[in-house]
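A quick write-up on the structure given underneath.
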Amino acid sequence: MSSRRIAVFVDGDNISAQHSDQVLFEARKLGRVDIARVYADLNKRSDWLNKPGYRLMHAGTGKNAADLLLSIDAMELALEGGVGTFVIATSDGDFTHLAQRMLERGLHVLGLGDAKAPDRFRLACTEFIPLSDRNERWPLETIGSGCSAFDLKIRSMIAQHSTKGQGMRVAELGPKMHKAHGAKISTYPEKTWRAYLAARPLLYELDPRGSEAKVRFRPEGFASQ
């Protein structure tokens, strides 16, 4: 995992708490999330109160109060330096100015929002990723360098079924993981086991495609476990 510092700012009055895991998932792909804040009127009932991993910032009840406080805090952090990547989760086009100003300062801006996010905000960001409207699982239990609790289960399964140290058949991994842990790879962003394993080259080594293709875990990738 990159040591790049990441700051996450969520418009909690605009983005549903159901996206909390995906927001962190996308942010952590860019580096180390040191700051993760949700801005909202906490006098109202908010599902963000039950989401771990975020610092909740009460913005009060005034019109656009959350937008203003988020923008002030984000620009203050940008001017202080030390953080080069900002994640702004909103579908509100009013944050276009914030994204543009950050780009002018040479900062990387990842925008996250739903389908109604306007083009002016999307294009103001370095990159924009739509938030999924499906009930997907976003693995967040990161252990060490890119290794999750789910990966530890995969490593154990491969170790149990490796043939003469040559690895385990990829075709067998899915059924055995489902039987042992109830795991369904279709609920993960990669959708298939080969795609999941291939996306983690520091953890797994794959044979070329084929019915007998095997996967092996890289001991050095799990060295800290």
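In terms of full-length UniProt numbering, the sequence shown has 91 at position 91, counting the first letter as 1, and numbering is strictly consecutive.
Note that the Cβ used here is the ideal one computed from N, Cα and C, for glycine as well.
Given the structure is predicted, the values throughout are model-derived calculations rather than measurements.
Who are the near neighbours of residue i in its chain, counting only those whose CB is closer than 7 Å to its CB and skipping five residues on each side?
i, result
"GLU212", "ARG169"
"THR142", "Unreliable placement is indicated for THR142, whose pLDDT of 47 sits below 50; no coordinate value is reported for it."
"LEU69", "TYR39, MET57 and ALA59"
"GLY93", "PRO118, ARG120 and PHE121"
"GLY182", "none"
"ARG218", "LEU202, LEU203, TYR204 and GLU205"
"THR192", "ILE185"
"ASN64", "none"
"ALA74", "PHE9, PHE86 and LEU98"
"MET102", "ALA78, PHE86 and VAL109"
"GLY82", "ARG5"
In its own chain, which residues sit with a C-beta less than 6 Å from the C-beta of residue i, not counting the 5 before and 5 after it?
i, result
"LEU110", "VAL87 and GLU127"
"ALA195", "none"
"SER46", "ALA40"
"HIS161", "MET168"
"ARG216", "GLY167 and GLU205"
"PRO208", "none"
"CYS125", "ALA99, VAL109 and GLY111"
"LEU197", "TYR204, LEU206 and VAL215"
"residue 226", "The displayed coordinates of the chain run from 1 to 225. Any statement about residue 226 would go beyond what the structure contains."
Please go through the same chain and pick out, in chain order, the residues whose beta-carbon is closer than 8 Å to the beta-carbon of residue i, but skip the five residues on each side of it.
i, result
"LYS51", "ALA17, SER20 and VAL38"
"LEU49", "LEU42 and LEU56"
"ALA199", "GLU190"
"GLU172", "HIS161"
Just reading off the beta strand (DSSP E) that residue i is part of, what are its end residues?
i, result
"ALA36", "32-40"
"HIS108", "108-113"
"PHE86", "85-89"
"ASP11", "5-11"
"residue 257", "The question about residue 257 has no answer, for the chain in this structure spans 1 to 225."
"GLU205", "204-206"
How is the alpha helix (DSSP H) around residue i delimited, first residue to last?
i, result
"ALA66", "65-80"
"PRO130", "No alpha helix (DSSP H) contains PRO130, which is instead part of the beta strand (DSSP E) from 127-130."
"LYS176", "170-181"
"TYR196", "193-198"
"GLU104", "96-104"
"GLU26", "20-28"
"LYS214", "It is not in any alpha helix (DSSP H) - LYS214 instead sits in the beta strand (DSSP E) that spans 214-217."
"LEU123", "119-124"
"LEU152", "149-161"
Check the C-beta distance from residue i over to residue j and give it rounded, since I have them as a contact under 8 Å.
i, j, result
"LEU131", "ASP114", "5 Å"
"ALA78", "ARG55", "About 18 Å; that fails the 8 Å criterion."
"ASP41", "ASP67", "Their Cβ separation, rounded to whole angstroms, is 11 Å, which puts ASP41 and ASP67 out of contact at 8 Å."
"ILE154", "MET177", "7 Å"
"GLY53", "ALA36", "6 Å"
"ALA89", "ASP11", "6 Å"
Is the CB of residue i under 9 Å away from at least one CB in chain B?
i, result
"THR126", "Absent from the structure is chain B; it holds one protein chain and no more."
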